[in-house]
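Chains A and B supply the protein sequences, listed in that same order. If you use this note's numbering, the first sequence corresponds to residues 1 to 830, in order. If you use this note's numbering, the second sequence corresponds to residues 831 to 1102, in order. Using N, Cα and C, we set each Cβ at its ideal position, and we do this for glycine too. I have placed the structure first, in the form of structure tokens, so that the comments after it can refer back to it.
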Amino acid sequence: MRLLSHPAPVEPADDGSLVPATSGPVSAGSGAPRRLRRAGGFAMYRRMVVHDFARNRAVTSVLVLLMMLSVVLATASAGTLVRLIGASGSLMDRADAPHVAQLHAGGFDEQVVDRWVAGRPEVAHHQAMLLLGIDGANLFFDGEPQTTSIQQNSLVVPNVERDLLLDLDDQPVLEVAPGTIWPPVFHQVESGLDVGDTVTITASNGFVKDLTIAGFVRDSIMNPGITSSKRLAVSPVDLEEVRAHTGAVEHLISFWLDDPATQTAGFKKDYLDAGMPQAGQLVDSASFQMLTMIGDGMGAAVVILVSMLLLVVGLLCLRFSFLTAAEQDYRELGVLKAIGVAPRDVRRIYLTKYALLAAVATVLGLAGGLALTPVLTRNITRYMGSTSSLWNGVIPVVTALLVFVVLVLFTLVLLRRFRKISAVAALRSGSTSQQRRGARLRLSRSKMPVQLRLGTMDVLGRWPVYLLLFFVFAIATFIMIVPINTATTATAPGFIHYMGTAPVDLRIDLLHADGTSPAQFDRIVEELEADPAVVSIAPMVTTRNDTIDRDGNAASLYVENGDHTALPLTYADGRAPTDGTEIALSLLALHQSGAEVGGTLPVTVAGEERALTIVGSYQDITNGGTTSKASLPTDSDEVMWYMAGVVLAPGVDPAEAAQEYGDQFAPAKVAVIEQWRTQTLGPIADQITTTAIVAAVTAAALAMLMTALFTRMLLARDAGQIAIQRAIGADDQGLRRQYLTRILLVLVLGVAVGTLAANTIGQTLFNHMFEVMFGGFEMLGQGTSRIDFAVNPWLAYLALPAALLAAVTAATVAGSRSITAADIASLTTE
Amino acid sequence: MTTATAVLNAHGLTKAFNGTTVLHGLDLQVRDGEFISVMGPSGSGKSTLLYTISGMDTLTSGSVRFAGQELATLSQKELARLRLTTMGFIFQHVHLLKNLSLLDNVVLPAYLAGLAPREELNERAMALMERTGVADLADRDVTQASGGQLQRIGICRALINQPTILLGDEPTGALDSTAAAEIMDLLGQLNAEGTTIMLVTHDPKVAAHTTRVLYMLDGHIVGDRGQGPFTGVGIEQRHGDLSAWLLEQERGRERSTAVERAAGVTTQGGGR
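What follows is the structure, encoded as structure tokens:
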């Protein structure tokens, strides 16, 4: 910034402020009106800022771009979160979702429930909805059988009062025309179905029923993929027609409470204790919201992290740009001080420049962020609709303004160093550069090539100059590796360890529907044990047992009972339970119990309270994260469902075996474990993978941009030293090698630190994310998630650093083209 | 003048910046062993001459032959190599690299040239620094030496590759009179040992140490005075004689400027 090269001469006014002179020499206190002087001052600032921009066009543009990107991501992620929270709550409101819902396999006596509810004053309303579960083998979407799907698809007649199914215009679907069907939007997104496609239901007796898709519904309680039940709306006539030929009857018993915030936990406990119909899961509105937020929440969390890191980089870049400009203007600043210009006026010039740049970046960034938000929230809108709320606009604007304020405040902090400028020192030396006594390497003691040695010496001797770039590379590496590690972890076959399951080939699930279910499961186990294609089988029976939580209140616990030593999973602490006196808890369940591994947990078994020893804890993201494993008696009324993990003999094709066993053991669902994992996690894993790719590309682009910017600024700062080297005979290729050495040395250090941070802090952040997702913010830092990154070393330690190296080298070579501009003639005296 | 002993031959040397001609078709020959000073008012093109004949700046037209090579035919890399191996440069403000020790500054051109093993170059550097009285400063950095000491370091750096010619742009301009005199004595000794030296200077006292003085005016060499070698005594006499000659050159300039004004001709000057 050439402070003194503007057209109009400058002189201090009698109040010390900087004003342009009018025609001819004007003495201080000339009597010119204050408003004219102020107007003249503004014009001068504008001239200076415009002049400086013209001189440093490339650097200024990149700085604005960086600040803008930060604002874009910050506003987009803020907008996404607002929409996510708003849409989720709004959907629940519009659909009038129940506060508590019990899925019950089979029929039940409605009067029993009615009588029990009559004695519950907190219940505002209750209702029961029939669900006709259609086996995947009998269900076809546009000709595709749903045999391998883990989704439990059920036909329902839509409710007309509460727990409404909404169409894509958020209008309640109250009536379905005969011959048509309204699947959930999940199937539109995941199965690619469209209006006009056909859903076909068959039965073993030759029955075939075709239904035409008339639209799609948003289901407030079964929307996301991680919820394995789905409701498809049909007419009463069609439901009865199908029911006569096929389908498993279930009921959804729903309750609305006066004050769900305080009454839900107690109500659920009392419901189960009263022996109400409970052949299935009992869930509440908190669970619905949590499940809804998992996928999109994770995506938004990653975007927020990236935007914050970008802001840090932007601030560092602003600092470097500021210091470079101050270095270049040091002599002129001394002149201004010497002629009596008030320091605040000097600061005002710089503040004007950077505030203007920040303002431009904020306005452009806000526009970009508002444009990007619909892209990020496309999924949210599809599943939950959109809500027009004032906050959708206010929050992004507030976020953008916050970023602007941070940038301006940071500039003010930087401007404090102008107080330390001595006019005399500045006029004499013309340089701010303090001699840094870093590592005292010597050229004269070196055997290295000269330019490599000079580059290394400069980095080690002037390391504060390279801090910006070092942090950029470390952050870029972090941004690349953490999402990639998250994606490889979530998609790794071994991830089933964190889903409460041992490594098996097949998984067989059977709901406890009625008194025949135990015999059915026993038959399945017998036949599998006798099957030569099966190497081992781990049958498990899940019961619901009473326990006491950390606050001393009665609580329910799902306990998976069986031989956990046959096919053990990986425990975070301790080991599998081996007998009826031991229990292992999921990390979240452990936290909720208030106990520790090695302690005891009171559990009611067959009506008697036992103090079970907690022998182990493990990660489990299924069933809301709260599960347990034991070997308790299961011949009571507390059985919920059955599960068998099957290990097949070598050479047996899991898919074929799953198909065969699915037919053989119907109505039990048989899934290849990999399919079960991908379908359960599917949408989440896809989102994480997409986010990882975007993050990697963003990080590489960031590194390239900052390298090119930094190289240009560094060359500008070092112009004098470069000119000297050229004068004494260094050639331009050699000088480029020197600068490339500097940049690549910083890159190596930055990548090393970034990789270390990714594998430590990154893993911790990843686990914090899971803690919040499954337990809410109160679980943050409680250790209820302990997933180890499944690192792909080829990708994380080789391919990504290599990509970064290539990007940075290209940027350095491009940025160092201006090395030839270091003017030897600037060394002349005339 | 015989070309057999010419180190540098410039013919029709012209240099223009943004349409303004700074050097007007100069002819110049520098013989082996000469000690030349180039003088003239500001803007006469003295430094421009120095930078163009050394290849640091490109010619607009003309020819410069140095060490048997035509500069205009050389690439940037070749020019850099030529400067590195056959020329030494001394600047007014020395221009050392701030992040290197003083010894490292001296050996840098030698390492870049790579004409001998590094041990030998280190020994040569120390010998030069001993000769110039700054050997004890080898391990210090640029902030730990006086102006005169730094200029001696600059001279060592310029000599490390045993150049054919030493070029200096106001080498004593930033020094006090005592330090300046010491530097000129040193340069005089080097010249006596056979080093060809060409300096740009404003100071007649500096020029009085040299054997030949060129006077430049508006991009032309208008005066060329031989004054014999300086033996170490009689500097005041030489200074006086030179000053009188310079005054004549100045008066000649004023007369021709007045004539041009009277004739309505404006003279274009201004250079570096």
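With a threshold of 16 other CB atoms inside 10 Å of the CB of residue i, please say whether the residue is buried or exposed.
i, result
"ARG34 of chain A", "A caution first: ARG34 of chain A carries a pLDDT of 49, below 50, which makes its placement in the model unreliable, though a value can still be read off. So ARG34 of chain A counts as exposed."
"LYS629 of chain A", "buried"
"VAL237 of chain A", "exposed"
"TRP794 of chain A", "exposed"
"PRO25 of chain A", "Because the pLDDT of PRO25 of chain A is 39, which lies under 50, any placement of that residue in the model is unreliable, and the number read from its coordinates should be weighed accordingly. PRO25 of chain A comes out exposed."
"THR850 of chain B", "exposed"
"LEU468 of chain A", "buried"
"PHE141 of chain A", "buried"
"PRO650 of chain A", "exposed"
"ARG417 of chain A", "exposed"
"ILE761 of chain A", "exposed"
"GLU788 of chain B", "Residue 788 of chain B is absent from the model: chain B starts at 831 and stops at 1102."
"ILE693 of chain A", "exposed"
"GLU638 of chain A", "buried"
"ILE339 of chain A", "exposed"
"LEU858 of chain B", "buried"
"LYS230 of chain A", "buried"
"ILE819 of chain A", "buried"
So what does residue i bridge to, in DSSP terms?
i, result
"PRO539 of chain A", "A:ALA644"
"ASN545 of chain A", "A:LEU557"
"GLY86 of chain A", "Answer by DSSP bridge pairing: none, since GLY86 of chain A is not bridged."
"SER867 of chain B", "B:LEU1029 and B:VAL1043"
"TYR618 of chain A", "A:SER586"
"HIS104 of chain A", "A:HIS251"
"GLY1053 of chain B", "B:TYR1045"
"PHE805 of chain B", "With chain B covering only 831 through 1102, there is no way to say anything about residue 805 of chain B."
"LEU257 of chain A", "A:VAL123"
"ARG231 of chain A", "A:SER154"
"PHE141 of chain A", "A:GLU144 and A:VAL199"
"GLU609 of chain A", "A:THR604"
"GLY998 of chain B", "B:ILE920 and B:LEU1029"
"SER628 of chain A", "A:VAL559 and A:LEU585"
Counting only Cβ pairs nearer than 8 Å, list the residues of chain B close to residue i.
i, result
"MET457 of chain A", "ASN929 and LEU930"
"ARG817 of chain A", "The premise fails here: ARG817 of chain A is roughly 13 Å from chain B at the closest Cβ pair, so nothing lies under 8 Å."
"GLY461 of chain A", "ASN929"
Quick one: list the residues of chain B neighbouring residue i, beta-carbon separation under 7 Å, in chain order.
i, result
"ARG442 of chain A", "SER931 and ASP934"
Report the neighbours of residue i on chain A: residues whose CB is nearer than 7 Å to its CB, in chain order.
i, result
"MET869 of chain B", "Simply none; closest approach about 12 Å."
"ALA1088 of chain B", "Near ALA1088 of chain B there are no residues of chain A at all, since even the closest Cβ is about 25 Å away, more than 7 Å."
Find the residues of chain A that neighbour residue i, judging by a C-beta separation of less than 8 Å, and give them in chain order.
i, result
"LYS907 of chain B", "ASP731, ASP732 and GLN733"
"PHE919 of chain B", "ALA727 and ILE728"
"LEU914 of chain B", "ILE728, GLY729 and ALA730"
"TYR941 of chain B", "LEU443 and VAL450"
"ARG911 of chain B", "GLY729 and ASP731"
"ARG987 of chain B", "ILE728"
Give the residues of chain A in contact with residue i, contact being defined as C-beta atoms less than 9 Å apart.
i, result
"VAL1146 of chain B", "The shown model of chain B, from 831 to 1102, leaves out residue 1146 of chain B, and the question about it has no answer."
Just to check my reading of the structure: residue i and residue j have Cβ atoms closer than 8 Å, yes? What is that Cβ distance to the nearest angstrom?
i, j, result
"LEU132 of chain A", "GLY247 of chain A", "4 Å"
"LEU557 of chain A", "VAL603 of chain A", "7 Å"
"PRO158 of chain A", "LEU165 of chain A", "5 Å"
"LEU612 of chain A", "THR581 of chain A", "6 Å"
"LYS845 of chain B", "THR882 of chain B", "5 Å"
"THR491 of chain A", "VAL791 of chain A", "No, THR491 of chain A and VAL791 of chain A are not in contact; Cβ-Cβ is about 13 Å, not under 8 Å."
"ILE213 of chain A", "TYR498 of chain A", "At roughly 36 Å, the Cβ-Cβ gap does not stay under 8 Å, so ILE213 of chain A and TYR498 of chain A are not in contact."
Cβ closer than 9 Å: which chain B residues qualify as neighbours of residue i?
i, result
"VAL360 of chain A", "Going along chain B, no residue has its Cβ under 9 Å from VAL360 of chain A, so there is no contact; the nearest lies around 33 Å."
### Query
Got a sec: which bits of the region 710-739 of chain A sit with their beta carbon under 9 Å from any beta carbon on chain B, in order along the chain?
GLY720, GLN721, ALA723, ILE724, GLN725, ARG726, ALA727, ILE728, GLY729, ALA730, ASP731, ASP732, GLN733 and GLY734
### Message
If the cut-off is 8 Å on Cβ atoms, which residues from the region 995-1029 of chain B count as contacting chain A, listed in chain order?
### Response
ASP999, GLU1000 and GLY1003
### Query
What are the residues of the region 949-967 of chain B that lie near chain A, defined by any Cβ-Cβ distance shorter than 8 Å?
ASN952 and ALA955
### Residues from the region 786-818 of chain A in contact with chain B, defined by Cβ distance under 7 Å
none
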